[in-house]
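What follows is a single structure, written as structure tokens, with notes after it.
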Amino acid sequence: MSETLQKLVLDELDANGSIKDTKTLILPGQTHPATSGEDQIIVLGALNSLLSREMITYETHETVTHVLTPEGALILKDGSHEARVWNALPAKGQGEPMTAGALRVVVGDETAKVGQGRAFKNDWIAKEGSGFVKLSSQIDDTTQKALLEISATGSLKASEKDLDDLRKRKLIIQKKGQWFTVKKGSQFSTSTAKPETDLTTEMLTSGSWKTSSYKKYNFEAEGIPTSGGALHPLLKVREEIRNIFLEMGFAEMPTASFIESGFWCFDALFVPQQHPARDLQDTFYISDPKQALLPEKEYYKRVSTVHEHGGFNSIGYRAPWSNEESKKLLLRTHTTASSAQMLYKLAARCRGQDVGDDQKEFAHGTASSSDLSTSKDDGFRPAKLFSIDRVFRNETMDNTHLAEFHQVEGVVADRNLTLADLIGFMRVFFKKMGIEQIRFKPAYNPYTEPSLEIFAFHPMLNRWVEVGNSGMFRPEMLEPMGFPKDVRVHGWGLSLERPTMIRYGINNIRTLVGHKVPISQVENSPAVMF
1 MSETLQKLVL DELDANGSIK DTKTLILPGQ THPATSGEDQ IIVLGALNSL
51 LSREMITYET HETVTHVLTP EGALILKDGS HEARVWNALP AKGQGEPMTA
101 GALRVVVGDE TAKVGQGRAF KNDWIAKEGS GFVKLSSQID DTTQKALLEI
151 SATGSLKASE KDLDDLRKRK LIIQKKGQWF TVKKGSQFST STAKPETDLT
201 TEMLTSGSWK TSSYKKYNFE AEGIPTSGGA LHPLLKVREE IRNIFLEMGF
251 AEMPTASFIE SGFWCFDALF VPQQHPARDL QDTFYISDPK QALLPEKEYY
301 KRVSTVHEHG GFNSIGYRAP WSNEESKKLL LRTHTTASSA QMLYKLAARC
351 RGQDVGDDQK EFAHGTASSS DLSTSKDDGF RPAKLFSIDR VFRNETMDNT
401 HLAEFHQVEG VVADRNLTLA DLIGFMRVFF KKMGIEQIRF KPAYNPYTEP
451 SLEIFAFHPM LNRWVEVGNS GMFRPEMLEP MGFPKDVRVH GWGLSLERPT
501 MIRYGINNIR TLVGHKVPIS QVENSPAVMF
């Protein structure tokens, strides 16, 4: 098909002088224009082959469209969550108000949960007595209309804010495409025969060399210089960060396990089993094998109990616990899964001193808030640990996000640590990296409280970019492991790619890793930046 397509392009150029839009081409074996992204990839292969022989030149044009997710397609068919809630309710003064329980039965739990709040916000419904009624006689389902427009055209004639809202609701996803404008090159010909590069014995014997066309030799070209290997900028910054940690007295954690269980990646960190980070849209799950082995029985019981019923001065999440959710295997979303296992091993000395009566600890299905370790010399030893390794998230890729990236992870465990200690450490750490413009923003993490997002100023993007997350691990995470009550643990996760982009003045992460990386950039990037 490649040569047939090349011939088609050349004939089209010969007839019309240029091809203004390759989406108008009809590929061999097809009856419709080449409008799909897959078709344009096939076209690109043919164009590159012709470009290498200087038969054509072409320009690339990028397009950005949006397509509906399965949930978006359902809303397009049945209406938005808020519209379905409104349709299910009686009009004000024309019937018995519908209770929240009845509404969930009629429209479903998820629809009632999402639609009720949005319907209130739009002033479509109102609370009356112990139930809900319609407040408006008619509604305009703008969400369904927007999805209809996107389904038909791939775009929305509205503000970027409306598109962001639909993306955040996971009703649409962005899809990028490309097409090409093609012109004749200096060696244009309608023949697709490739020029010969060598004069062979067979050509001399048969006499075919007389009628063959030959590729031009460039006698002024210099020979290819020999070169050795070079460290990628990521590896250079990784080594620099590693040396900073070692200089500050940290020990490196083993993080070779890319595949973790749901327990160590989420449950042990006090992330609720209903958290959206555990959805398929955010996490890559393993299909074979599907399940992992559970950890030590008594620790698993303490963790599940504090999640479901509370304990250690916490009320827990008061949500049903699923053993199946804990056993799921996944590509780790953060190296904190390894940190949790290291902290569990660190707490082993404390557990060995005076673990206490497990039956009392879990009386009435609720963990006791007393220390697991009560003796004066409880066996605890301070620790400073770090790791730098890869993590995986089901991210939409853009100029600052990838589905696979590196995380710089660290923990400090000691008695009576404060948030000020964490902030002071991060300022010193980033200063050693040469990044002095940093900011901290309060944030929420399921397993740290208080929590801080860390931002650094990117001079190329001319804006503040989030480079990491940090906080102090919750007692609900530490005390089930066996740590004494006065032990505090600082934890932080930093991106390796974003600090590297700032250090080397790169404004798109896809030019740092992947097929667009210039080899010269890898070879010429300095080992240390000042």
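Residue numbers (the UniProt record's numbering): 1 to 530. Idealized CB from N, CA, C, for every residue including glycine. Nothing here was measured: the structure is a model prediction, and the numbers come from that model.
Assignment of lysine 127 by DSSP, reduced to helix, strand and coil, places it in the strand class. Residues of the same chain with a CB within less than 7 angstroms of the CB of leucine 199, apart from the 5 flanking positions on each side, are Trp209 in chain order.
Note that the region 116-136 does not touch the region 37-46; fewer than 3 beta-carbon pairs, one per stretch, sit closer than 8 angstroms. Residues His81 and Arg84 of the same chain have their beta carbon placed closer than 6 angstroms to that of threonine 111, with the five preceding and five following residues left out of the count. In this structure, Met98 is the residue among Thr142, Met98 and Lys113 with its C-alpha nearest to the C-alpha of serine 130. Counting C-beta pairs with one atom in each stretch, the region 238-253 and the region 314-326 have fewer than three that are closer than 8 angstroms, which means they do not touch.
In the pairwise beta carbon analysis, the region 141-149 is classified as not touching the region 14-22: fewer than three pairs are separated by under 8 angstroms. Threonine 4 and histidine 61 have their C-alpha atoms spaced approximately 24 angstroms apart. In the three-state scheme derived from DSSP, where H, G and I count as helix and E and B as strand, serine 208 is classed as helix. Ranking Val411, Thr197 and Thr336 by CA distance to the CA of phenylalanine 266 puts Thr336 first.
Between the region 324-331 and the region 277-291, the count of Cβ pairs shorter than 8 angstroms is three or higher; the stretches touch. Note that the region 493-512 touches the region 466-481; at least 3 beta-carbon pairs, one per stretch, sit closer than 8 angstroms. By the neighbour-count criterion, in which 16 or more other beta carbons inside 10 Å mark a residue as buried, methionine 460 falls on the exposed side. Cα atoms of tyrosine 447 and proline 475: separation of roughly 9 angstroms, rounded to the nearest angstrom. According to DSSP, serine 261 shares a beta bridge with Leu329.
The secondary-structure analysis by DSSP pairs threonine 63 across a beta bridge with Gly177.
Distances from the CA of threonine 192 to each of Gly223, Ser212, Leu204 and Ile454 were compared; the closest alpha carbon is that of Ser212. For phenylalanine 455, the three-state secondary structure derived from DSSP is strand. Taking leucine 135 as the centre and dropping the five residues before and after it, the same chain places the C-beta of Lys92, Asp123, Trp124, Ile125 and Ala126 closer than 7 angstroms to its C-beta, in chain order. Separation of the CB atoms of glutamate 54 and glycine 207 is rounded to 28 angstroms, and the pair is thereby denied contact status at 8 angstroms. Glycine 434: not part of any beta strand (DSSP E); DSSP gives it neither H nor E. Across the set Leu419, Phe457 and Tyr344, the C-alpha of Phe457 shows the shortest separation from the C-alpha of glutamate 436. The Cβ-Cβ distance between histidine 307 and phenylalanine 270 falls below 9 angstroms.
Across the structure, leucine 163 and arginine 169 are spaced so that their CA atoms are roughly 10 angstroms apart. Contact check between the region 337-346 and the region 400-415: three or more CB pairs, one atom from each, fall below 8 angstroms, which counts as touching. Rounded to whole angstroms, the Cβ separation of phenylalanine 386 and threonine 333 is 18 angstroms, and the two are not in contact under 8 angstroms.
If you check the CB distance, glycine 262 and proline 480 do not come in under 9 angstroms.
Closest option to serine 525, judged by alpha-carbon separation, among Leu166, Leu10 and Gly229: Gly229. Alanine 420 and glutamate 128 have their C-alpha atoms spaced approximately 49 angstroms apart. With contacts defined as CB atoms closer than 9 angstroms, glycine 177 and threonine 65 qualify as a contacting pair. Following the DSSP letters along the chain, one finds arginine 118 inside the alpha helix (DSSP H) bounded by residues 109-121. The residue among Phe245, Thr305, Tyr300 and Phe380 with its C-alpha nearest the C-alpha of phenylalanine 430 is Phe245.
Only residues of its own chain outside the window of five on either side were considered, and among them Leu346 and Ala413 have a CB closer than 6 angstroms to the CB of alanine 383, listed in chain order. Excluding the 5 residues flanking it on each side, valine 513 has no same chain C-beta neighbour closer than 6 angstroms.
Annotation for tryptophan 321: no beta strand (DSSP E) segment contains it, and DSSP assigns it neither H nor E. Taking C-alpha positions only, alanine 403 is separated from aspartate 282 by approximately 10 angstroms.
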